[in-house]
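Chemist: Numbered by the UniProt record's numbering, the letters in the sequence shown go through residues 1 to 724 in order. Questions regarding the structure given below will be posed in turn.
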Amino acid sequence: MEPNEIPSQYQPQDSEDRVYQAWETSGFFNPDNLATRKKPFTIIMPPPNANGSLHIGHAVFVTLQDIMARYKRMRGFKTLWLPGADHAGFETQVVFDKKLEKEGRSRFKIPRDELYQEMLAFTLENKKIMEGQLRKLGASCDWSREKFTLDPDIVAKTQQAFVEFYNKGLVYRGERIINWCVKHQTALADLETSYVEKKDPLYYFQYGPFVIATARPETKFGDKYVVMHPGDIRYAKYKDGDTLDLEWINGPITATIIKDDAIDMSFGTGVMTITPWHDAVDFDIAERHKLPKVQVIDRIGRLLPIAGEFAGMKIADARPLIAEKLKAKGLLAKTDEAYDHKIAVCYKCNHPIEPQILPQWFLKMKPLAQKAIEAAEKGKVAFIPPRFKKIYFHWLRNIRDWNLSQQITWGIRIPAWFKRESEIKNQGSRENMEDVYVGMTPPEGKGWEQDPDVFTTWFSSGQWPFLTLGYPNSKDYKTFYPTDVMETGWDILFFWVARMVMLGIARTGKIPFKTVYLHGLVRDKDRQKMSKSKGNVIDPLGVAEQYGADALRMALIIGNLPGNDIIISDDKIRGYRNFANKIWNATRFLLMQIGTPPATKKVKYGAKEKAMLVKLKRLTADVTKDMENYRMHHAADKLYHFFWHYYADKVIEEMKPHLDAPDGTTEKETAKALLLEFHRTLITLLHPFMPFITEEIWKHLPKENAKGRTQKENLLIIEKWPTT
């Protein structure tokens with residue numbers, strides 16, 4: 001081979017698309033084309049949200065999962081890495097709302113069907129872009145099996161799950177307190193809220209003989225119950241059910257004493273009034289004591305007529321005025337002007353959450369959680385790193401019923417119908433529920449209207465591992481389920497992973513995956529969270545274009561311990577671009593020296609060469625062991641140092657004098673054979689980590705057993721992993 005047959009410099013921009021096209025055309029991403037293989041290995045890709053470009057966090061999971069898939073494919077497994085995209089209900093609604101705002105439009109003024117079709121076109125366009133970006137990063141997933149959470153079969157089976165759960169008594173419609181986002185006009189799950197530190201005045205009001213403390217005087221108009229701990233000796237003379245006449249915001253009221261263990265005796269004066277409609281703790285107290293609940297604030301964040309002269313006002317405007325009125329009535333005991341506390345906010349818009357009581361569809365979680373706990377206790381699901389198992393248990397043991405409803409257009413419609421008057425009559429209660437119909441087809445008769453709400457996106461994505469495989473009767477489901485690994489970020493352990501385990505067991509009777517691998521969050525070199533406002537965001541596609549996808553992948557895997565923060569910087573990526581150049585230059589040197597393949601009969605390894613080969617075998621064994629135990633970060637680091645500091649700096653240098661010997665001599669042929677053995681082995685071991693450059697190099701290397709094989713059969717992607 002002439003040295004000019006391999007370019008003098010490696011230019012990833014010139015080869016990566018061509019290499020990926022060769023892989024995709026070969027059909028080897030599809031496990032059905034790996035004909036001789038028996039044992040399956042399956043990863044279901046966490047479906048990225050189809051509402052924008054891939055970010056650096058996506059590049060992390062693509063890198064990790066592609067490494068796993070390529071390794072298992074080379075080990076002879078019938079490897080399926082199934083890609084997909086998520087309609088991402090609320091998140092996409094937020095993104096689209098911003099788009100509409102820029103256009104001077106509002107979703108609340110667009111007919112539902114028209115809005116849905118606009119959003120579908122927007123999402124499908126983004127999905128197509130995202131698929132191209134996954135290819136740019138080297139994702140060797142089976143595109144022929146790609147799924148979207150709004151594919152008709154996924155929609156139907158998600159709705160069917162709801163119907164089945166309803167028929168089993170696990171789904172119910174109830175009036176419960178929920179997290180309400182005033183800006184987005186929808187209920188949010190607990191996990192879709194964040195908590196922020198806030199400094200507000202803490203008011204101490206005289207409530208009859210008691211002093212109560214609150215940072216929210218605007219909620220107190222309906223407070224007619226004063227609650228204290230039954231063990232608080234300060235209030236021993238008051239009995240549960242006693243009544244008191246007292247002066248309050250809008251005149252005299254009669255208050256009732258309630259004794260409840262939930263009261264924190266150390267907070268304030270140990271006495272509180274309750275606002276069950278607008279506080280989760282208060283709601284629970286009211287439920288226990290069967291107390292009425294009064295709404296004070298509406299769904300757009302304004303005070304209702306119960307607030308008298310303050311009716312129609314926004315909370316922020318009314319709060320100081322209400323305090324002033326109580327002060328004028330002599331009912332303000334004192335004010336702490338700098339009270340530090342945490343408040344719940346929408347995780348997307350950061351507006352304060354306004355708890356509301358609304359009729360919603362809930363899934364009973366305790367029965368589902370218990371089986372998910374048992375699966376992990378029995379070792380059916382393993383966690384990497386193991387410390388997350390305790391966190392998983394804690395969350396499941398303290399789980400609350402799950403609100404499945406969201407008041408948005410974008411998503412899978414809930415298959416429930418109401419008679420118009422029944423929803424008003426029932427107010428969402430379980431009474432007279434014969435006027436509510438749940439089923440896969442609309443009910444017969446007139447006057448039925450389908451529930452306008454959609455499922456939270458986590459209900460469909462929580463069933464992703466088995467729905468994507470054609471549950472319950474397809475060949476894929478029977479072959480590839482349960483899957484082997486669920487690789488995702490630790491931050492969605494509760495959002496998604498725990499729910500997949502619960503829903504997987506509930507619907508299929510099996511765990512959805514055997515191993516949960518949790519990666520950390522990406523941070524910059526100063527360990528700061530990446531954000532546009534800080535200007536420290538790294539665009540994965542931009543750096544892949546500049547330095548090559550392989551350099552980005554190495555930067556994302558080396559030092560990436562499961563569950564820990566991932567530190568990334570331009571300098572780090574550039575460093576692995578230099579490593580790619582080192583590999584390329586070593587290849588050029590080798591090909592220049594080899595000329596013709598080594599003459600096997602002339603090869604005779606001495607003690608020095610044998611010692612070198614022992615080190616290569618040991619590296620292969622170590623890397624294989626790391627890969628089998630999901631220590632990809634260690635494997636990549638070992639390969640980097642071995643290639644650069646041992647193979648390139650030592651082995652090649654020590655062989656150079658022998659390469660100057662005449663062609664056909666034992667000295668030269670042995671040196672050629674040794675270097676070729678090292679190079680083939682290292683390029684093969686590096687392939688899962690740096691697939692583009694290794695595949696490009698592989699086609700230039702002399703190969704054993706290449707005769708009789710087609711061009712695609714000589715691809716490195718299906719080369720056998722080196723034996724140990």
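Even for Gly, the Cβ is constructed at its ideal location relative to N, Cα and C. Since the model is a prediction, treat every value here as computed from it, not as a measurement.
Which same chain residues end up closer than 8 Å to Q9 when comparing Cβ atoms and leaving out the 5 residues on each side of it in sequence?
Modeler: Here residue 9 refers to the residue found at position 9 when the sequence shown is read from its first residue. For Q9, where only same-chain residues beyond five positions count, the Cβ hits under 8 Å are N581, W584.
Chemist: Beta-carbon within less than 8 Å of Y195's beta-carbon, same chain only, minus the 5 sequence neighbours each way: which residues are those?
Modeler: Taking the sequence shown and counting its residues from 1, one reaches residue 195 at position 195. Result list for Y195: K342, I343, A344, V345, in chain order.
Chemist: Enumerate, from N- to C-terminal direction, the unbroken alpha helix (DSSP H) stretches of 4 or more residues contained entirely within the region 549 to 598.
Modeler: 549 to 557, 570 to 594, all fully within the region 549 to 598.
Chemist: When DSSP builds the beta bridges, which residues end up paired with P205?
Modeler: The residue given as residue 205 occupies position 205 in the sequence shown. Inspection of the sequence shows that residue 205 is occupied by Phe rather than by Pro. In the DSSP output, where bridge partners are listed per residue, F205 has I212, L332.
Chemist: Are the beta-carbon atoms of I322 and P465 separated by less than 9 Å?
Modeler: On the sequence shown, residue 322 is found 322 positions in, with the first residue counted as 1. On the sequence shown, residue 465 is found 465 positions in, with the first residue counted as 1. Cβ atoms of I322 and P465: not closer than 9 Å.
Chemist: Label F267 either buried or exposed according to how many other C-beta atoms from any shown protein chain fall within 10 Å of its C-beta, with 16 as the threshold for buried.
Modeler: Taking the sequence shown and counting its residues from 1, the one referred to as residue 267 is at position 267. By the 10 Å Cβ count, F267 comes out exposed.
Chemist: When you compare the region 463 to 477 with the region 92 to 103, are there three or more beta-carbon pairs, one atom per stretch, that lie closer than 8 Å?
Modeler: No, they do not touch.
Chemist: Scan the region 114 to 169 and note each continuous alpha helix (DSSP H) run of 4 residues or more that stays entirely inside, going in chain order.
Modeler: Runs of the alpha helix (DSSP H) inside the region 114 to 169: 152 to 167.
Chemist: How far does the beta strand (DSSP E) with P40 in it extend, from its first residue to its last?
Modeler: Here residue 40 refers to the residue found at position 40 when the sequence shown is read from its first residue. Segment 40 to 44, the beta strand (DSSP E) holding P40.
Chemist: Relative to the alpha-carbon of D264, which residue among Y235, P292, H229, D242 has its alpha-carbon at the smallest distance?
Modeler: Residue numbering aside, residue 264 sits at position 264 when the sequence shown is read from its first letter. Here the closest residue by C-alpha is H229.
Chemist: Using alpha carbons as the reference points, say which of K638, Y630, E677, I178 lies closest to L613.
Modeler: As a first step, residue 613 must be located in the sequence shown, where it is residue number 613. Ranking K638, Y630, E677, I178 by Cα distance to L613 puts E677 first.
Chemist: Hey, quick one: how far does the beta strand (DSSP E) through I253 stretch, first residue to last?
Modeler: To locate residue 253, count along the sequence shown from 1; it is residue 253. Residues 251 to 259.
Chemist: Within 10 angstroms of its Cβ, does H700 collect 16 or more other Cβ (buried), or is it exposed?
Modeler: Reading the sequence shown from its first residue, position 700 is the one you call residue 700. Answer is exposed; the Cβ neighbour count stays below 16.
Chemist: On a Cα-Cα basis, can you pick out the residue from I384, W143, L368 that is closest to F29?
Modeler: Numbered from 1 along the sequence shown, position 29 holds the residue referred to as residue 29. The candidate whose alpha carbon is nearest that of F29 is W143.
Chemist: With a threshold of 16 other CB atoms inside 10 Å of the CB of D86, please say whether the residue is buried or exposed.
Modeler: Taking the sequence shown and counting its residues from 1, the one referred to as residue 86 is at position 86. That one is buried.
Chemist: Applying the criterion that 16 or more other CB atoms from any shown protein chain within 10 Å of the CB defines a buried residue, is S140 buried or exposed?
Modeler: In the sequence shown, counting from the first residue as 1, residue 140 sits at position 140. Classification for S140: buried.
Chemist: For a test of the three-state rule: what should DSSP assign to E354, helix, strand or coil?
Modeler: As a working mapping, residue 354 is identified with position 354 in the sequence shown. In the structure shown, E354 sits in coil (DSSP, three-state: anything other than H, G, I, E or B).
Chemist: Find the nearest neighbour of R574 within the set L54, Y203, Y547, L64, judged by alpha-carbon distance.
Modeler: The count along the sequence shown starts at 1 and reaches residue 574 at position 574. Nearest option by C-alpha distance: Y547.
Chemist: Which stretch, first to last residue, makes up the alpha helix (DSSP H) that contains L246?
Modeler: As a working note, residue 246 is residue 246 in the sequence shown. Not the alpha helix (DSSP H): L246 falls in the beta strand (DSSP E), residues 243 to 248.
Chemist: Pull up the CB-CB distance for Q356 and W277, whole angstroms please, since I reckon it's below 8 Å.
Modeler: Counting from 1 along the sequence shown, the entry for residue 356 is found at position 356. Counting from 1 along the sequence shown, the entry for residue 277 is found at position 277. That belief holds up - the Cβ atoms of Q356 and W277 are roughly 7 Å apart, short of 8 Å.
Chemist: Could you compute how far the alpha carbon of W698 sits from the alpha carbon of Q185?
Modeler: As a working mapping, residue 698 is identified with position 698 in the sequence shown. As a working mapping, residue 185 is identified with position 185 in the sequence shown. Approximately 56 Å between the Cα atoms of the pair.
Chemist: Beta-carbon separation of V516 and I384 under 9 Å?
Modeler: Position 516 of the sequence shown, counted from the first residue, corresponds to residue 516. Position 384 of the sequence shown, counted from the first residue, corresponds to residue 384. Yes, the Cβ-Cβ distance between V516 and I384 is below 9 Å.
Chemist: Can you name, in chain order, every residue of its own chain whose Cβ lies under 6 Å from the Cβ of L188, other than the five neighbours on each side?
Modeler: Numbered from 1 along the sequence shown, position 188 holds the residue referred to as residue 188. Answer for L188: N179, C181, listed in chain order.
Chemist: Is it true that the CB of I249 sits closer than 9 Å to the CB of K366?
Modeler: Here residue 366 refers to the residue found at position 366 when the sequence shown is read from its first residue. Here residue 249 refers to the residue found at position 249 when the sequence shown is read from its first residue. No; because the gap between Cβ atoms is not below 9 Å, this pair is not in contact.
Chemist: If you drop the 5 nearest sequence neighbours on each side, which residues of the same chain put their C-beta closer than 8 Å to that of G84?
Modeler: Along the sequence shown, one-based indexing puts residue 84 at 84. Within the same chain, G84 has close Cβ partners I44, M45, P47, E146, K147, F148, T149, W464, T468.
Chemist: In whole angstroms, what separates the C-alpha of K615 from that of K625?
Modeler: Walking along the sequence shown from the start, residue 615 turns up at place 615. Walking along the sequence shown from the start, residue 625 turns up at place 625. Roughly 15 Å separates the two Cα atoms.
Chemist: Take I414 as the anchor and find which of G664, D451, N167, H679 has the nearest alpha-carbon.
Modeler: As a working note, residue 414 is residue 414 in the sequence shown. Answer by Cα proximity: D451.
Chemist: Based on Cα-Cα distance, which residue from K510, N578, N536, K534 lies nearest to A555?
Modeler: Counted from its first residue, the sequence shown places residue 555 at position 555. Answer by Cα proximity: N578.
Chemist: When the Cα of residue 725 is compared with those of P472, R397, T193, W496, which residue comes out closest?
Modeler: Coverage of the chain is limited to positions 1 through 724, which leaves residue 725 absent and any answer about it impossible.
Chemist: Taking DSSP as the reference, what is the three-state secondary structure of D484?
Modeler: Residue mapping note: residue 484 aligns to position 484 of the sequence shown, counting from 1. In this structure, D484 counts as strand in the three-state DSSP scheme.
Chemist: Report yes if the C-beta distance between G89 and T488 is below 9 Å; otherwise report no.
Modeler: Here residue 89 is taken as the residue at index 89 of the sequence shown, counted from 1. Here residue 488 is taken as the residue at index 488 of the sequence shown, counted from 1. No.
Chemist: Tell me the rounded alpha-carbon separation between Q13 and L552.
Modeler: Here residue 13 corresponds to residue number 13 of the sequence shown, with the count starting at 1. Here residue 552 corresponds to residue number 552 of the sequence shown, with the count starting at 1. Distance between the alpha carbons of Q13 and L552 is about 14 Å.
Chemist: Please state whether DSSP places E337 in a helix, a strand or coil.
Modeler: The residue given as residue 337 occupies position 337 in the sequence shown. Of the three classes helix, strand and coil, the one that applies to E337 here is strand, per DSSP.
Chemist: Go to T508, then tell me how far its alpha helix (DSSP H) extends in each direction, as first and last residue.
Modeler: Counted from its first residue, the sequence shown places residue 508 at position 508. Unbroken alpha helix (DSSP H) run through T508: 498 to 508.
Chemist: Indicate the three-state DSSP secondary structure (helix, strand or coil) for R430 in the structure shown.
Modeler: The sequence position of residue 430 within the sequence shown is 430, counting from 1. Residue placement at R430 is poorly supported in this model, since its pLDDT is 41, which falls under 50; the coordinates are not used for a value here.
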